Ligand SMILES: Cc1ncc(COP(=O)(O)O)c(C=O)c1O
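Numbering (our numbering), first residue to last: 14 to 432.
So, in structure tokens, the structure goes:
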């Protein structure tokens, strides 16, 4: 089902070789202190790109995770070295206060109280904690969509087997032009037994930005708790978790915040903390202490510490500025190919529903064939989407991409469509 990972993984050896070839010891470049004249200021954005290790191919698959910038990686290494140098002394004297410092800063960044934020390893962990920890009764209903991430669907299917929960699947429109089209699609499936709705904020298959705010308000008005999968939204789109109005929010910080791999967050309303049974048993924290969800044993604390450096980098770049650049790059290639008779865009076209991710198909070429042609003939790396709802090649831009790279993609798509 979903993204067929086999075809994608078969390219990994090439990728690994390219990563090894990157200059890990390259000097750290100072972040530009000037402001760009706009999202198309190539001189400014080239200085931002210089903050990342160079790649010898055009990387337009930044959706799996977004590479951390060099200053963040350098800080990560410093944290690791300090912990190794100090050993148990760090763990016993500083670990807790350092984690609390990260929690406080991340919570302020996310716009929620620190006492409601757990530092977890990724969205998958956060979603498992909520979905497997809630007290389910047979016949309880969960509303989800046909475009949620496959792992989340897997967790929901576990709940069906273990607890007799019933799933109600929304057919999410592919290119909605009004919020009400999405909201109505969800509300049609809400009934007296609906306990929870899983709402994915940015659809991984197409980059569609779902109108979470009005949707969460409509669901909560009907007594339905709202769990937001914010994996692709957090630190990509400018918003705070609090203003979305959900009950639970999960995200991976190695995606758009650019933190080192293995960082995520889980937020929940304070009154939900004691309702959820942790996945890993905890006997240290009180029932209403969010930290009961973090008890996984000894963990690489330097990963968590580097969240601070990733926030610093993100704030130096500026959230609104970064998002404007991503949207500019995405709309540039999308608009360059949109009118081609054999090109089909499988993502919304308006800015309000768009982000760094968009999916494209070419008539007569399957997703995998198109992905391989882009790689083989143009050294453009993307990912094939073979999903019942959406088929095509997913393109995800990164702040380090140059305009010339997305223009190369548009040229390549036009060329492949004209064969
Ligand atoms: C919508 C969505 N949710 C969850 C995840 C899982 O993220 P992670 O593997 O970091 O847990 C992904 C990964 O791409 C995703 O796209």
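Virtual Cβ for every residue (Gly too), placed ideally from N, Cα, C.
Small disclaimer: the values here were computed from a predicted structure and weren't measured.
Check                                                                                                                                                                         : Outcome
How would you write the range of the beta strand (DSSP E) that residue 242 sits in, first residue to last?                                                                    : 238-242
What's the C-alpha gap between residue 179 and residue 154?                                                                                                                   : 5 Å
Does DSSP put residue 300 in a helix, a strand or coil?                                                                                                                       : coil
Does the structure place the region 240-247 close enough to the region 287-305 that three or more beta carbon pairs sit under 8 Å?                                            : no
Just how far apart, CA to CA, sit residue 414 and residue 99?                                                                                                                 : 39 Å
Evaluate residue 260 with the Cβ neighbour count: other Cβ atoms within 10 Å of its Cβ, from every protein chain shown; 16 or more gives buried, anything less gives exposed. : buried
Determine the contact status of residue 277 and residue 135, defining contact as a CB-CB distance below 8 Å.                                                                  : yes
To which residues of the same chain is residue 431 closer than 6 Å at the C-beta, ignoring the five residues directly before and after it?                                    : none
Who are the Cβ neighbours of residue 159 in its own chain at under 8 Å, not counting the five residues just before and after it?                                              : 182, 183, 184, 185, 401 and 402
Rounding to the nearest angstrom, what Cα-Cα distance links residue 35 and residue 283 in this structure?                                                                     : With a pLDDT of 35 at residue 35, under the threshold of 50, the modelled position of this residue cannot be trusted, and the question is left open.
Mind checking whether the beta-carbon of residue 159 lies closer than 7 Å to any heavy atom of ligand 1?                                                                      : no
Suppose only complete runs of 3+ residues qualify. What are the beta strand (DSSP E) ranges in the region 380-406, listed by chain order?                                     : 396-399
If contacts are defined as beta-carbon pairs under 8 Å, then residue 142 and residue 279 qualify, I think. What distance do you get, rounded to the angstrom?                 : 6 Å
Would you tell me roughly how many angstroms separate the C-alpha atoms of residue 139 and residue 132, rounded to the nearest one?                                           : 9 Å
Please say whether residue 320 and residue 266 have beta carbons closer to each other than 8 Å?                                                                               : yes
Would residue 213 be called buried (16 or more neighbouring beta carbons within 10 Å of its own) or exposed?                                                                  : buried
Using the C-alpha atoms, what's the distance from residue 82 back to residue 102?                                                                                             : 30 Å
Going by beta carbon distance, what residues of the same chain come within less than 7 Å of residue 392, once the five residues before and after it are set aside?            : 70 and 71
Only counting the same chain, and skipping five residues up and downstream in sequence, which positions put a Cβ closer than 6 Å to that of residue 232?                      : 210 and 239
Between which two residues does the alpha helix (DSSP H) holding residue 140 run?                                                                                             : 136-146
What do you get for residue 41, buried or exposed, if any count of 16 or more other CB atoms within 10 angstroms of its CB means buried?                                      : Note that residue 41 scores a pLDDT of 49, beneath 50, so its modelled location is shaky; the value from the coordinates is reported in the next line. That one is exposed.
Give the secondary structure of residue 310 by DSSP, where H, G and I count as helix, E and B as strand, and everything else as coil.                                         : coil
What's the call for residue 256, buried or exposed, on a 16-neighbour Cβ count within 10 Å?                                                                                   : exposed
Could you check the C-alpha separation between residue 271 and residue 85 for me, to the nearest Å?                                                                           : 8 Å
Taking 7 Å as the cut-off, does the CB of residue 242 come closer than this to any heavy atom belonging to ligand 1?                                                          : yes
Is residue 265 near ligand 2 - that is, is its Cβ less than 7 Å away from at least one heavy atom of it?                                                                      : This structure does not include ligand 2; its bound ligands are ligand 1.
Could you check if residue 220 is buried or exposed, using at least 16 other CB atoms within 10 Å of its CB as the buried criterion?                                          : buried
Kindly indicate the opening and closing residues of the alpha helix (DSSP H) around residue 59.                                                                               : 55-62
On the criterion of 16 or more Cβ atoms from any shown chain inside 10 Å, does residue 47 qualify as buried, or is it exposed?                                                : exposed
Start and end of the beta strand (DSSP E) containing residue 280?                                                                                                             : 277-281
In or out: residue 190 buried (at least 16 other Cβ within 10 Å) or exposed?                                                                                                  : exposed
Tell me whether residue 336, by its Cβ, gets closer than 7 Å to a heavy atom of ligand 1.                                                                                     : no
Looking at residue 135 and ligand 1, is the gap between the Cβ and the nearest heavy atom below 7 Å?                                                                          : yes
For residue 320, name the three-state secondary structure that DSSP assigns.                                                                                                  : helix
Considering just the uninterrupted stretch of the beta strand (DSSP E) at residue 157, what are its terminal residues?                                                        : 154-158
Which whole-angstrom value describes the C-beta separation of residue 350 and residue 55, a residue pair presumed to lie in contact below a C-beta threshold of 8 Å?          : Going by Cβ atoms, the distance from residue 350 to residue 55 rounds to 21 Å, so no, they are not a contact pair.
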